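In what follows, a single structure is set out as structure tokens and then discussed.
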Amino acid sequence: MISQIKAEWKKLMFMNFTKIYLLILMISSLLLGITFSLTTNMTQGRALNELPNIDVITANLLGIDVGAIMLLVFTAIIISSEFSTKFIHVVLAVTPQRGKVFFAKLAAFGIFSTCVSLIITSLTFSCGQFILYINGRDMVSLADGNIIRLLAGCMAMPIFYCLITVCFTFLFRNSALSITCSLGIMILPAFISWFDEKIQMVLLPLLPRAALHSLSGISELGTESISIIRSTISLLIWLSTLYMFALWNFKRKDII
1 MISQIKAEWK KLMFMNFTKI YLLILMISSL LLGITFSLTT NMTQGRALNE
51 LPNIDVITAN LLGIDVGAIM LLVFTAIIIS SEFSTKFIHV VLAVTPQRGK
101 VFFAKLAAFG IFSTCVSLII TSLTFSCGQF ILYINGRDMV SLADGNIIRL
151 LAGCMAMPIF YCLITVCFTF LFRNSALSIT CSLGIMILPA FISWFDEKIQ
201 MVLLPLLPRA ALHSLSGISE LGTESISIIR STISLLIWLS TLYMFALWNF
251 KRKDII
């Protein structure tokens with residue numbers, strides 16, 4: 001199994017497309033974070049110097065959202081290409097156990113997304129610190145538990161959406177469908193927020209955004225705030241459920 005994961009990793013990192021896409025992803029995340037932090041007059045109705053230091057950092061960390069979206073698109077394209085080009089037949093000829101193939105792919109993308117998420121989280125956080133510094137503000141301390149929680153929760157988002165995209169792509173074997181489903185889960189809370197607060201309090205805590213926001217410590221009180229333990233369990237349930245459906249379909253359905 002370890003050798004298979006290594007093979008998937010090498011296959012992923014061998015492509016020039018991966019390196020170019022990663023560079024664009026990182027630059028886009030950084031630029032969006034800077035844009036959010038420098039346009040708070042329009043987005044939050046307050047100038048940058050009126051915001052608490054933590055809010056300046058949080059605005060920069062919004063760049064991770066773009067990184068998460070670009071990462072899930074990349075994941076869907078790479079995996080679905082193996083089905084569309086029939087390269088998956090070669091993979092299965094070498095490793096007939098489909099469960100091992102699926103798990104190796106999931107593990108490789110899990111490691112990959114963790115590395116990417118760590119980089120873009122570090123970049124956007126450092127940029128926020130720099131903006132505080134050049135404006136004569138005190139930089140936030142990594143000794144603050146709330147800052148560590150914020151960074152850990154933000155870092156978890158790209159990893160989670162990458163992993164569920166792996167599952168969706170193996171389930172549908174189609175990049176468009178898997179991207180649509182992953183993005184749908186990501187933006188569904190925005191539509192639910194149009195409904196009555198009672199409906200929001202029932203539905204929002206069931207979705208991944210509530211769990212991710214709660215892990216970060218930025219959840220909205222009353223509608224999506226849940227405990228760290230419940231957040232972790234919620235994300236694991238989402239991932240394990242999709243994993244089982246995708247594995248069942250991958251084993252059951254012939255690849256044409």
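Take the sequence shown: its letter number 127 is residue 127 in UniProt numbering, and every next letter is one higher.
All residues carry an ideal CB built from backbone N, CA and C; glycine is no exception.
It should be emphasised that the depicted structure is a prediction, and the values quoted were computed from it without experimental measurement.
DSSP three-state label for residue i, please.
i, result
"aspartate 144", "coil"
"glutamine 4", "helix"
"glutamate 224", "coil"
"isoleucine 218", "coil"
"lysine 86", "coil"
"proline 158", "helix"
"alanine 47", "coil"
"arginine 230", "helix"
"serine 193", "coil"
"lysine 253", "coil"
How is the alpha helix (DSSP H) around residue i delimited, first residue to last?
i, result
"asparagine 60", "53-61"
"glutamine 200", "197-203"
"threonine 18", "16-38"
"glutamine 97", "First-last for glutamine 97: undefined, no H or E at that position."
My understanding is that residue i touches residue j, with C-beta atoms under 8 Å, so please give their C-beta distance in whole angstroms.
i, j, result
"cysteine 154", "isoleucine 64", "5 Å"
"valine 166", "lysine 105", "6 Å"
"leucine 61", "glycine 99", "Not really, about 37 Å apart at Cβ, beyond 8 Å."
"isoleucine 69", "threonine 169", "The pair is not a contact, with the Cβ atoms about 15 Å apart (cut-off 8 Å)."
"alanine 108", "tryptophan 248", "Their Cβ separation, rounded to whole angstroms, is 21 Å, which puts alanine 108 and tryptophan 248 out of contact at 8 Å."
"isoleucine 228", "leucine 215", "6 Å"
"glycine 67", "arginine 149", "Wrong, their Cβ atoms sit about 19 Å apart, outside the cutoff."
"leucine 163", "valine 116", "Actually they do not touch by this definition, with Cβ atoms about 12 Å apart."
"asparagine 49", "asparagine 135", "6 Å"
"threonine 95", "glutamine 4", "6 Å"
Any Cβ of chain B within less than 8 Å of the Cβ of residue i?
i, result
"asparagine 60", "Given the protein chain composition of this structure (a single chain), no chain B is represented."
Under a Cβ-count criterion, where at least 16 other Cβ atoms within 10 Å of its own Cβ denotes burial, should residue i be classed as buried or exposed?
i, result
"arginine 209", "buried"
"leucine 30", "buried"
"threonine 58", "buried"
"histidine 213", "buried"
"leucine 92", "exposed"
"methionine 244", "exposed"
"phenylalanine 87", "exposed"
"leucine 22", "buried"
"methionine 157", "buried"
"phenylalanine 14", "exposed"
"alanine 246", "buried"
Tell me whether residue i counts as near the ligand GDP, meaning its Cβ is closer than 7 Å to at least one heavy atom of that ligand.
i, result
"phenylalanine 168", "In the structure on display, the ligand GDP does not appear, and there are no ligands present to speak of."
Please determine if the segment 183-202 and the segment 135-143 are in contact, where contact requires at least 3 C-beta pairs separated by less than 8 Å.
-> no
Do the segment 142-161 and the segment 170-179 make contact, defined as three or more Cβ pairs closer than 8 Å?
-> no
Is there contact between the segment 115-134 and the segment 21-30, where contact requires at least three CB pairs shorter than 8 Å?
-> yes
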